[in-house]
Amino acid sequence: MVQNQKGRRGRPRAYDPDTVLGEATAAFWSSGYGATSLDNLSAATKLNRPSLYGAFGDKGALYLRTLERYRDQAAVGMGAALAPARPLREGLRRVYGHALDLYFHRSPALGCYMIGTATTEAVQHDEVRTFLRDALRQLDRGFERRLALAREQGEIAATADPASLARIASAILHTLAVRSRAGDSRAELEAIVETGIALICGPEHISAPA
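Numbering follows the UniProt record's numbering, in which position 117 of the sequence shown is assigned residue number 117; successive positions increment by one, without gaps.
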């Protein structure tokens, strides 16, 4: 990126792209894509508009970069939570617990960045719709792989369909995303999580006292 050194404004050239994407994510997350102007993004990232464009392209390209970053970070966290060595039930609780931590990281709750912003923009922007469709399918596949292993290991019924259960597992996340943004309490959503896990894994057996 070529910049005029004389009279240059904004952040020095050696900015951290991930930090800038994080700041842009926060701006889009709070106001939505349509209501977030280039001036808003410039203020949030501390990059002037020409520098922002030179580094990330136009507003739409920057938004897609923030979505990709959010998706990739979520995938890493989900993979760690659903590690094969961890019981499925515990892994699912970790996935949903981490999601709720993120959705409630500020008040009022913002919910999921991808679900909260991309579902609106997907109607008008083909690239966003394609991204959202692919990201949701990637989410399904992540759950499906772990559920297939759980079936092999006897954690769920031998007759269970991992693909169908994976879509249910994903749907629970979507429910948490929407309902947290709509004002449901964390306790209410944690109850949904427990019901959903019981649906996927079966009732949790508690040993009777000796």
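Glycine included, each C-beta is placed from N, C-alpha and C at the ideal position.
Asked: Would you mind working out which of Lys-59, Glu-121, Glu-155 and Ser-170 sits nearest Ala-85, comparing C-alpha positions?; Found: Glu-155
Asked: Please classify Pro-162 as buried or exposed, where buried requires at least 16 neighbouring CB atoms within 10 angstroms.; Found: buried
Asked: Secondary structure at Pro-108, three-state DSSP: helix, strand or coil?; Found: coil
Asked: Among Leu-62, Asp-101, Ala-198 and Gly-54, which has the Cα closest to the Cα of Gly-77?; Found: Asp-101
Asked: Within 10 Å of its beta-carbon, does Ala-177 have 16 or more other beta-carbons around it, so buried, or fewer, so exposed?; Found: buried
Asked: Going straight from the alpha carbon of Ile-197 to that of Thr-119, what length do you get?; Found: 25 Å
Asked: Take Asp-184 as the anchor and find which of Gly-116, Phe-104, Ala-157 and Thr-117 has the nearest alpha-carbon.; Found: Phe-104
Asked: Can you check which of these residues, Cys-201, Ile-115 and Ser-107, is closest to Arg-186 by C-alpha distance?; Found: Ser-107
Asked: On the DSSP letters alone, give me the boundaries of the alpha helix (DSSP H) that Thr-195 sits inside.; Found: 186-201
Asked: For Ala-122, I'd like the list of residues in its chain whose CB is within less than 7 Å of its CB, leaving aside the five on either flank, ordered along the chain.; Found: Val-128, Arg-129 and Leu-132
Asked: Identify whether Glu-68 lies in helix, strand or coil by the three-state DSSP scheme.; Found: helix
Asked: Compute the distance between the beta-carbons of Leu-41 and Leu-52, then report whether it is under 9 Å.; Found: yes
Asked: In its own chain, which residues sit with a C-beta less than 6 Å from the C-beta of Ile-172, not counting the 5 before and 5 after it?; Found: Gly-196
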